[in-house]
Amino acid sequence: MSKWILTDDDCLQIRRRLEDMAERLGNVYELYQIQELPMDQGQVFKVAHEIVFCSEINLEDVLDCYGYENLEQVKTEYGDDWEAILAECQFELNAGCLENLITQEFLTYDEAKQLICRVSGYEGEKTLE
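Residue numbers (the UniProt record's numbering): 1 to 129.
In structure tokens:
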């Protein structure tokens, strides 16, 4: 299993490639992030988690929502990381629709951060990509 990579420090989004699954199923990524919820009573958060199979990404939606003209633009812009970027985009779209939340209760930002670190084993190294 690959090491966690911090991809967005604002929401503690972390990503890793699941190498043991990728051998059989193509590139597969596991992601977590703190998801702020739209609430009238102030800031509340939940944790989003998902395993994204690159073969199942809705490419048309991702390209459209993120303003890419085509897949070649993503490949040119991100090089070898292009599939990881698409996985992040799909994950973010699902999180924005509240489809991949793993917590029932509302959390503070710090509680959500602690939960991600506890369940993922992420230790907080600063490796932004």
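Glycine residues also receive a C-beta, built at the ideal position from the N, C-alpha and C atoms.
- For L31, the uninterrupted beta strand (DSSP E) run begins and ends at V28 to L37, by DSSP.
- Restricted to the stretch 59 to 128, the alpha helix (DSSP H) segments that are unbroken, complete and at least 4 residues in length are 59 to 65, 71 to 78, 82 to 96 and 109 to 120, listed in chain order.
- Residue pairing by DSSP places R17 opposite Y29 in a beta bridge.
- Relative to the Cα of V28, the nearest Cα in the group E123, W82, E60 and L93 belongs to W82.
- Of the candidates I5, S2 and C11, C11 places its Cα closest to the Cα of E111.
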